[in-house]
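**Q** Before I ask anything, here is the structure I am working with.
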Ligand SMILES: Cc1cc2nc3c(=O)[nH]c(=O)nc-3n(C[C@H](O)[C@H](O)[C@H](O)COP(=O)(O)O)c2cc1C
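Take a look at the structure:
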């Protein structure tokens, strides 16, 4: 089934193509509670291993006490721009079974990432930008909100209306004025050539791209 979404089959969804992690937010924009509910609902629609849904969110609107405590945990680098966003969200993954050292799910953080990705796309549909980040004190957030030990404060997201142009960061980590993405070749580890016959695995039927970084060790 193909859902018409103002795009054609041979181009990226504009919501994905145009997504950007803003580093400058409109400090006057207020996110209404129903839009925030939609974002959290979007996160909750993500797939998860065994439908474990190992995610939870600490949500602060700019100016409320939750936001104040989240801002207190920010590193200098993120403190420069994240507080202006309409909402700060701390993203939590359940990593252990309660009151135990047992792993809750092999995929907790993976699943949390998918949930935040869903939230990000829903936000884009509402004209909002989401900037995820690690630049904060995880322990400070866990302490401030009594996060139980079987949960991990994994990342944060700033959500709001972007202000001005956002410089892009190249895969190399260097600032860039244009969106840079690793090429399809670089991100494809193996893929049969178009039109090649079935899954014989015969030499020449698969192509192994040279990864540009981070070849798995196991
Ligand atoms: C898990 C995670 C952690 C990140 N941590 C930071 C951070 O600490 N500070 C920051 O400015 N951006 C952070 N980012 C944002 C990335 O730098 C950004 O997504 C990347 O440069 C690609 O840019 P784009 O999202 O605009 O495409 C993080 C993103 C993710 C997913």
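Residue numbers (UniProt numbering): 1 to 218. All C-beta atoms, glycine included, are put in the ideal place defined by N, C-alpha and C.
(1) Give the range of the alpha helix (DSSP H) segment to which residue 76 is assigned.
(2) Within 10 Å of its beta-carbon, does residue 180 have 16 or more other beta-carbons around it, so buried, or fewer, so exposed?
(3) Counting Cβ pairs, one atom from each stretch, are 3 or more of them under 8 Å apart for the segment 79 to 99 and the segment 54 to 67?
(4) Which of helix, strand or coil does DSSP assign to residue 118?
(5) When you compare each of 69, 107, 182 to residue 83 by their alpha carbons, which one comes out closest?
(6) Measuring only the C-alpha atoms, how far is residue 77 from residue 135?
(7) Any heavy atom of ligand 1 closer than 7 Å to the beta-carbon of residue 135?
(8) Is residue 132 close to ligand 1? I mean its beta-carbon at under 7 Å from any heavy atom of the ligand.
(9) Would you tell me roughly how many angstroms separate the C-alpha atoms of residue 108 and residue 44, rounded to the nearest one?
(10) Does the beta-carbon of residue 159 have 16 or more other beta-carbons within 10 angstroms, so that it is buried, or is it exposed?
(11) The alpha helix (DSSP H) spanning residue 132 covers which residue range?
(12) Can you say whether residue 151 is buried or exposed, counting buried as having 16 or more other CB atoms within 10 angstroms of its CB?
**A** On the basis of the supplied data:
(1) As a working note, residue 76 is residue 76 in the chain shown. Here the alpha helix (DSSP H) through residue 76 covers 76 to 79.
(2) Reading the chain shown from its first residue, position 180 is the one you call residue 180. Under this definition residue 180 is an exposed residue.
(3) Here the segment 79 to 99 lies against the segment 54 to 67, with 3 or more beta-carbon pairs under 8 Å apart.
(4) If you number the chain shown from 1, residue 118 lands on position 118. Three-state result, residue 118: helix.
(5) Counting from 1 along the chain shown, the entry for residue 83 is found at position 83. Nearest option by C-alpha distance: 69.
(6) Here residue 77 refers to the residue found at position 77 when the chain shown is read from its first residue. Here residue 135 refers to the residue found at position 135 when the chain shown is read from its first residue. Residue 77 and residue 135 have their C-alpha atoms some 7 Å from each other.
(7) Within the chain shown, numbered from 1, the residue matching residue 135 stands at position 135. Residue 135: yes, Cβ under 7 Å from ligand 1.
(8) For the purposes of this step, residue 132 is taken as residue 132 along the chain shown, with counting starting at 1. Residue 132: yes, Cβ under 7 Å from ligand 1.
(9) By one-based count along the chain shown, residue 108 stands at place 108. By one-based count along the chain shown, residue 44 stands at place 44. Each residue's alpha carbon lies about 14 Å from the other.
(10) On the chain shown, position 159 is the one that residue 159 refers to. Buried, because 16 or more other Cβ atoms sit within 10 Å of the Cβ of residue 159.
(11) Position 132 of the chain shown, counted from the first residue, corresponds to residue 132. Note, residue 132: premise wrong, no alpha helix (DSSP H); beta strand (DSSP E) at 129 to 133.
(12) Residue numbering aside, residue 151 sits at position 151 when the chain shown is read from its first letter. Buried: at least 16 other Cβ atoms inside 10 Å.
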